[in-house]
């Protein structure tokens, strides 16, 4: 991308989109286009078509999605499937129709099978059954990958996809019912500390292992891929167009909980509610392809949690 290239970031105000915006502005990209939900309903085909016709973006970063944790996925499966399919279908098709130079589609590591060999390589996609608790969301994301891949094959487009691991950072959702595990634990420990409580309840057994990537590292990786990864080049003989994005290291939920307890400085005990679901046993991405391209994450987990906790405390003070 050139510094004056017209770049459309779909979903610019979310956790992922806002980090990408920070990255683009820090790299002096001066022609970034955004639209709020009230200005543009990405589920509405006509509105998306009119937007592309008017703005004619050269590059598109598709970070818009309906997202949530285990409870949200189990409660709203139809919404997760329908809304995500509609959003990505509209944007990917209009990107093809209006000859966008490059599109980056943000997927998720949940596309891989529940009992996938570890670490998970890109080639393991569709090699087994999905985790039931987030299957509708995963199916939508897999459809997005295949749609990008199909347009590349049929029409010679330059559409790529990135599969981030579990993300966290400024702008995260800290709702105790609908958030992911890391921000939920930060809020639980903080409120328990402030209220002088003696225990914090964590879900499941603590045995599953997870990988976490600071969202600004994710944004750095996305911009890197737009500028350095091209599925149309001859050296990419297989036409591969999606790449894992993570740290290549994992931590158990029990260890994560202890780490957050330490960062928040909570003095009480941790109680495990084993009636709650654990989800997938392990989710570690194979980072061979991304590392071979020359990219690696910069922010380690404890440092990232400290930064998020500081952001969270400031956010609460401003409410």
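Numbering (this note's numbering), first residue to last: 4 to 322. Just so it is clear, CB atoms sit at the ideal spot from N, CA and C, and this is done for glycine as well.
{"query": "Straight-line Cα distance separating residue 204 from residue 275", "result": "6 Å"}
{"query": "Where residue 206 sits in the DSSP three-state scheme", "result": "strand"}
{"query": "Alpha carbon of residue 252 to alpha carbon of residue 57, nearest angstrom", "result": "44 Å"}
{"query": "Own chain residues within Cβ distance below 7 Å of residue 50, not counting five before or after", "result": "43, 44"}
{"query": "Local conformation of residue 182 per DSSP, three classes", "result": "coil"}
{"query": "Per DSSP, the bridge partner or partners of residue 212", "result": "255, 285"}
{"query": "CB of residue 9 within 9 Å of CB of residue 34, strictly", "result": "yes"}
{"query": "Residue 107 beta carbon less than 9 Å from that of residue 170", "result": "no"}
{"query": "7 Å Cβ shell around residue 23 - same chain, five flanking residues per side excluded", "result": "12, 64, 66, 222, 225"}
{"query": "C-alpha distance - residue 163 paired with residue 192, whole-angstrom precision", "result": "39 Å"}
{"query": "Three CB pairs or more closer than 8 Å across the region 105 to 125 and the region 287 to 304", "result": "yes"}
{"query": "Beta carbon of residue 68 nearer than 9 Å to that of residue 95", "result": "no"}
{"query": "Cβ shell of residue 5 (< 6 Å), same chain only, five flanking positions each side left out", "result": "none"}
{"query": "Cβ-Cβ distance between residue 129 and residue 117 below 9 Å", "result": "no"}
{"query": "Close-in-space but distant-in-sequence residues of the same chain around residue 209 (CB under 7 Å, 5 per side omitted)", "result": "255, 256, 257, 260, 275"}
{"query": "Distance between beta carbons of residue 167 and residue 109, contact taken as under 8 Å", "result": "7 Å"}
{"query": "Own chain, CB closer than 7 Å to residue 7, minus 5 neighbours either side, in chain order", "result": "33, 34"}
{"query": "Pairwise C-alpha distance: residue 165 and residue 179", "result": "28 Å"}
{"query": "Cα-Cα separation, residue 311 to residue 173", "result": "6 Å"}
{"query": "8 Å contact criterion, which residue 271 and residue 200 should meet: CB distance rounded", "result": "6 Å"}
{"query": "Opposing strand residues paired with residue 276 [DSSP bridges]", "result": "206"}
{"query": "CB contact flag (residue 113, residue 141, <9 Å)", "result": "yes"}
{"query": "Residue 147 versus residue 40: straight-line alpha-carbon distance, rounded", "result": "21 Å"}
{"query": "Beta-carbon spacing of residue 100, residue 52 below 9 Å", "result": "yes"}
{"query": "Sequence-distant residues of the same chain with beta carbon closer than 7 Å to residue 280, five excluded per side", "result": "73, 136, 207"}
{"query": "Euclidean distance between Cα positions of residue 238 and residue 197", "result": "In this prediction, residue 238 has a pLDDT of 44, which is less than 50 and means its spatial position is unreliable; what the coordinates show is noted afterwards. Going from the Cα of residue 238 to the Cα of residue 197 covers about 56 Å."}
{"query": "For residue 244, the nearest candidate out of 283, 159, 183 (CA to CA)", "result": "159"}
{"query": "Which residues DSSP lists as bridging residue 2, in chain order", "result": "The structure shown does not extend to residue 2, since the chain spans only 4 to 322, so no value can be given for it."}
{"query": "DSSP state of residue 68 mapped onto helix, strand, coil", "result": "coil"}
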